[in-house]
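Numbering (the working numbering), first residue to last: 1309 to 1418.
Don't be surprised by glycine CBs; every beta carbon is placed ideally from N, CA and C.
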Amino acid sequence: MKCTKCQNNIECLLSISTEDEKLPIETSYQWWECSACGAKYYAILEDDNVNLFDDRLLHKGYEVEEKTWQKTLAWARQCPDESNTSCKCNVHNDMPPAGFYGASAWYTYD
Ligand SMILES: [Zn+2]
Ligand SMILES: [Zn+2]
1309 MKCTKCQNNI ECLLSISTED EKLPIETSYQ WWECSACGAK YYAILEDDNV NLFDDRLLHK
1369 GYEVEEKTWQ KTLAWARQCP DESNTSCKCN VHNDMPPAGF YGASAWYTYD
């Protein structure tokens, strides 16, 4: 992904994977950062397994205020097993955290 402010590549610092109990959809909640200009992003990656012949991933990014981003990232780091969709920790139970969604930064099919 590219930073929408300075066009540098941005990095994903944390990704929490969850799975819906009823739907065959895996959703990852991600914290992204631009090391060049310091912009913070929050993203949701949806892996829809309904259609086996269409393995597109919907990736939605949002601009997040620094304070909110830092606070929620610190909270989410408490999860002991971020890529485990059946993890039962507080973080997984409360995903996505409140107050997250800022202006849309990107909306792509990877
Ligand atoms: Zn940037
Ligand atoms: Zn967890």
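- Pairwise C-beta distances place the segment 1378–1395 in contact with the segment 1325–1336, as three or more of them are shorter than 8 Å.
- With a threshold of 8 Å, the Cβ atom of A1413 does not count as near ligand 1, since no heavy atom of the ligand is closer than that.
- Remark: the C-beta of C1320 is outside contact range of ligand 1, defined as less than 8 Å to any heavy atom.
- Beta-bridge analysis with DSSP links D1356 to I1333.
- Assignment of beta-bridge partners to Q1338 by DSSP yields S1323, A1351.
- A1347 has its Cβ nearer than 8 Å to a heavy atom of ligand 1.
- The segment 1364–1381 makes contact with the segment 1344–1352; the number of CB pairs closer than 8 Å reaches 3 or more.
- Assigned with DSSP and collapsed to three states, N1398 falls in helix.
- Annotation: T1416 is outside any alpha helix (DSSP H); the continuous beta strand (DSSP E) that includes it extends over 1412–1417.
- By the Cβ-count criterion, Y1337 is buried, with 16 or more other Cβ atoms from all chains shown falling within 10 Å of its own Cβ.
- In chain order, the residues with a C-beta atom nearer than 5 Å to some heavy atom of ligand 2 are C1387, C1395, C1397, V1399, H1400.
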